[in-house]
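Worksheet: the structure to be examined is printed underneath.
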Amino acid sequence: MPKVIKALGIGEGVVVSKAYILKKAELKYEKESNSSPEQEFYIYQSVEEKAIKQIDQLIKLASQNISEEKADIFRAHKEILKDEEIRNEIKERIFSENCSLAWSIASVYDRYSQTFREMPDSYFQERASDLQDLKERLLTIALNAESDELSSIDSECIIVAKDLTPSETSLLNRRYIKAFVTELGGVTSHSAIMAKTMGFPAIVSAKDATSLIKNGELIAIDTSAGSVHFDLEGDERLLKELQLREQKFEETKLIWESYKTKKCKTLDGKSIPILGNIGQPSDMPKVREFGGEGVGLFRTEFLYMKSRDWPSEDLQYEAYKKTLMDLHDNESLTIRTLDIGGDKHLDYYQFPEEMNPFLGYRAIRMSLKEREQFIVQLRAILRASKDGNIKIMFPMITTFEEFIEAKRTVMEVKHQLELEGHKFEYNIPVGLMIEVPGAALITKQLARVADFFSIGSNDLIQYTNAVDRMSENVNNLYQPNSPGVLRLIQMVVKNANEANIEVSVCGEMASSPQSAVLLIGMGVNKLSMSAPSIPVIKRVLNNISFSEAKRLVERALEQNSEQEVLAMVNKYLEESNILL
1 MPKVIKALGI GEGVVVSKAY ILKKAELKYE KESNSSPEQE FYIYQSVEEK
51 AIKQIDQLIK LASQNISEEK ADIFRAHKEI LKDEEIRNEI KERIFSENCS
101 LAWSIASVYD RYSQTFREMP DSYFQERASD LQDLKERLLT IALNAESDEL
151 SSIDSECIIV AKDLTPSETS LLNRRYIKAF VTELGGVTSH SAIMAKTMGF
201 PAIVSAKDAT SLIKNGELIA IDTSAGSVHF DLEGDERLLK ELQLREQKFE
251 ETKLIWESYK TKKCKTLDGK SIPILGNIGQ PSDMPKVREF GGEGVGLFRT
301 EFLYMKSRDW PSEDLQYEAY KKTLMDLHDN ESLTIRTLDI GGDKHLDYYQ
351 FPEEMNPFLG YRAIRMSLKE REQFIVQLRA ILRASKDGNI KIMFPMITTF
401 EEFIEAKRTV MEVKHQLELE GHKFEYNIPV GLMIEVPGAA LITKQLARVA
451 DFFSIGSNDL IQYTNAVDRM SENVNNLYQP NSPGVLRLIQ MVVKNANEAN
501 IEVSVCGEMA SSPQSAVLLI GMGVNKLSMS APSIPVIKRV LNNISFSEAK
551 RLVERALEQN SEQEVLAMVN KYLEESNILL
């Protein structure tokens, strides 16, 4: 009898293949050491060196196959590994308590991991996962333990695992590994985000998958339904139906390829530019490869996170200038000023301790306090504006006064640059991200003083629904297409349209076919997303009329729940042969 696990789908795809239950190394060790402390610590130094070499290889792989932004995850691993406090604590356990090397590594990393996991700041909660990843790596080397080598898999399969670390996700061989299923993780976990960037279909939060599914059995995943089908061999009809859908999806992927070079225009002639989100200049080739028409979001925080100190004006200027070189004449680069804090920290800056950093000292709130660094960034952006079409965007604006103060700072910097004889685009567009409900509610007033809005859907949903999007306990409440969220977005778009200013969306909603249709139907002018999603969204929007998208919005707002909204939109897309 066929069975199904309902979970969360990542990316796009229907995949039928044999299950490969990923076995992790059995890491058995005693607390007491049979060797001298000197010998144990000597071995630790060798283990650390091997781990660093492995991580260097991961950085190289991630840079080549995923993005520099994702390679930064492993650079962070390397920094943790070199942390003197952690190293000294391991040494202390070995020498003072006569503990074995393996036990010392595990106890120290577990202690830090548990401490970070209990912190309200999701930045440290994410670091807990990094620490567990590193602990596993060090113990595997120290114990000469054997585990399944993902890189050595040489036949087609779907990986089924408790969880996949970022390290493991980066090693997935696309030739043989067609998808993965994990029991843990959410839509915004490191592995899920990496899977989407790499174009991997995946199912996460699939409860008890490793115990319910047998190794080697034929299984199927459907990311749009968020389902894992198993025990299929007793139902030939269902198996054939799923295989047919998989075949149709493969044909659809070939169609998507053709949309890389096409402009995005609805059936009734409305043009919708589709742009890319980037973290640094080296991400631009991906945007070009997948057919992006400019950059709707340059996350400048990665320039800061990679530096050992505040990045200089010239360093930032060169990064922005280099990015502009990859744009065509009619394309624009929207630069978001520093959005640090919350889940992103700097090694060289001490953030205040807060109960809820996501609601605290971050983004524009920090920039307006750290005016010296804010001015450095604005100088770099304005200087680069002479080389191409740049827009300045402020994150996390909450009040009208905040936006006016930020704009006033831009005017001050313009005056400085004029006095110094620098060339720049004086009429550079200045806008803001709409990600705080309080700002969304005053967009009528903000539209009078802003040149454009960009809706940051990830945070807007989180704050509107009062849900931590990183929490597996409440991620069912993170609902992009709930009628409440849609009504709030519709109000923002209406106010922008009435003021005749541009409004775009740069969060995850932009890369969802169902959400994209509704956003365009509301009157959103542009969408910006991770590069692999660009041809998918072009394909959807090129095959629907703007008038029909508007009718779908009217119907969506009458629904009671996100489930009803998605069922209605999916029914239309499937009947129109736009989706599988």
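Heads up: the sequence shown runs through residues 1 to 580, numbered per the UniProt record's numbering.
Glycine residues also receive a C-beta, built at the ideal position from the N, C-alpha and C atoms.
Small disclaimer: the values here were computed from a predicted structure and weren't measured.
Are Val288 and Asp329 closer than 8 Å when you measure CB to CB?
Note on residue identity: the sequence assigns Arg, not Val, to residue 288. No.
Tell me the DSSP bridge mates of Phe394?
Answer is Leu432.
In this structure, how does DSSP classify Glu32 when only helix, strand and coil are distinguished?
strand
Comparing alpha-carbon positions, which option in Thr398, Glu257, Pro429, Leu172 lies nearest Val540?
If we check each option's Cα against that of Val540, Glu257 comes out closest.
How many angstroms separate the CA atom of Asp121 from the CA atom of Ala225?
Residue placement at Asp121 is poorly supported in this model, since its pLDDT is 48, which falls under 50; the coordinates are not used for a value here.
Short of 7 Å in beta carbon distance, which residues of its chain neighbour Ile141, apart from the five on each side in sequence? Order them along the chain.
Cβ neighbours of Ile141 within its own chain (closer than 7 Å, five residues either side excluded): Val47, Lys50, Ala51.
Using DSSP with H/G/I as helix, E/B as strand and the rest coil, what is Leu275?
strand
Could you work out which residue in Ser227, Ser96, Asp222, Lys262 is closest to Gln247 when comparing CA atoms only?
Asp222
Output the distance between the C-alpha atoms of residue 586 and Gly292, rounded to the nearest integer angstrom.
Here the chain has residues from 1 to 580 only, and residue 586 is not among them.
DSSP beta-bridge partners for Gly341?
Lys344
Would you say Pro395 and Ala363 are within 8 Å of each other, going by their C-beta atoms?
yes
When DSSP builds the beta bridges, which residues end up paired with Glu502?
Phe452
Alpha carbon to alpha carbon, what distance is there between Gln132 and Leu81?
About 12 Å.
Can you tell me whether Asp231 is helix, strand or coil according to DSSP?
coil
Is the beta carbon of Phe403 closer than 8 Å to that of Ala466?
Cβ atoms of Ala466 and Phe403: not closer than 8 Å.
In the DSSP assignment, the alpha helix (DSSP H) including Ile335 goes from what residue to what residue?
Here Ile335 belongs to no alpha helix (DSSP H); instead the beta strand (DSSP E) covers 333-336.
Measuring straight from C-alpha to C-alpha, what distance separates Asp154 and Ile177?
9 Å
Helix, strand or coil for Ser122? Go by DSSP, reduced to three states.
Bear in mind that a pLDDT of 49 at Ser122, under 50, signals an unreliable position, so the number given afterwards is only what the model happens to contain. If DSSP states are grouped into helix, strand and coil, Ser122 belongs with the helices.
Does at least one heavy atom of the ligand ZN sit under 7 Å from the Cβ of Glu353?
For the ligand ZN, the structure offers nothing, since it holds no ligand at all.
Check Met355 in the structure and name its three-state DSSP category.
coil
Going by DSSP, what residue range makes up the alpha helix (DSSP H) through Leu8?
Note, Leu8: premise wrong, no alpha helix (DSSP H); beta strand (DSSP E) at 8-10.
Can you give me the C-alpha to C-alpha distance between Lys53 and Ser35, rounded to a whole angstrom?
26 Å
Between the Cα of Pro2 and those of Asp235, Glu38, Arg487, spot the shortest distance and give me the residue it belongs to.
Out of Asp235, Glu38, Arg487, the CA that lies nearest to the CA of Pro2 is found in Asp235.
Give the DSSP-derived three-state secondary structure of Met1 in the structure shown.
Note: Met1 maps to coil in three-state DSSP.
Sort Glu241, His229, Cys157, Phe230 by Cα distance to Phe200 and report the nearest one.
Cys157
What are the boundary residues of the beta strand (DSSP E) that Thr182 is part of?
177-182
Keeping to the same chain, check which residues put their C-beta closer than 8 Å to that of Lys78; ignore five residues upstream and five downstream.
Ile52, Ile55, Asp56, Ile59
State buried or exposed for Gly421, treating a residue as buried only when at least 16 other CB atoms are found within 10 Å of its CB.
With fewer than 16 Cβ atoms within 10 Å of its Cβ, Gly421 is classed as exposed.
Hey, how far is the Cα of Asn356 from the Cα of Thr252?
44 Å
Is Phe351 closer than 8 Å to Tyr361 when the C-beta atoms are compared?
yes
Rounded to a whole number of angstroms, what is the C-alpha to C-alpha distance between Ala161 and Lys23?
8 Å
Measuring straight from C-alpha to C-alpha, what distance separates Glu30 and Ser107?
12 Å
Could you tell me the distance, in whole angstroms, from the CA atom of Leu460 to the CA atom of Val505?
11 Å
Please list, in chain order, all residues of the same chain as Val4 whose beta carbon is under 6 Å from its beta carbon, the five residues on each side excluded.
Ser227, His229
Does DSSP classify Leu382 as helix, strand or coil?
helix
Confirm, please, whether the CB-CB distance from Arg469 to Asn458 is below 8 Å.
yes
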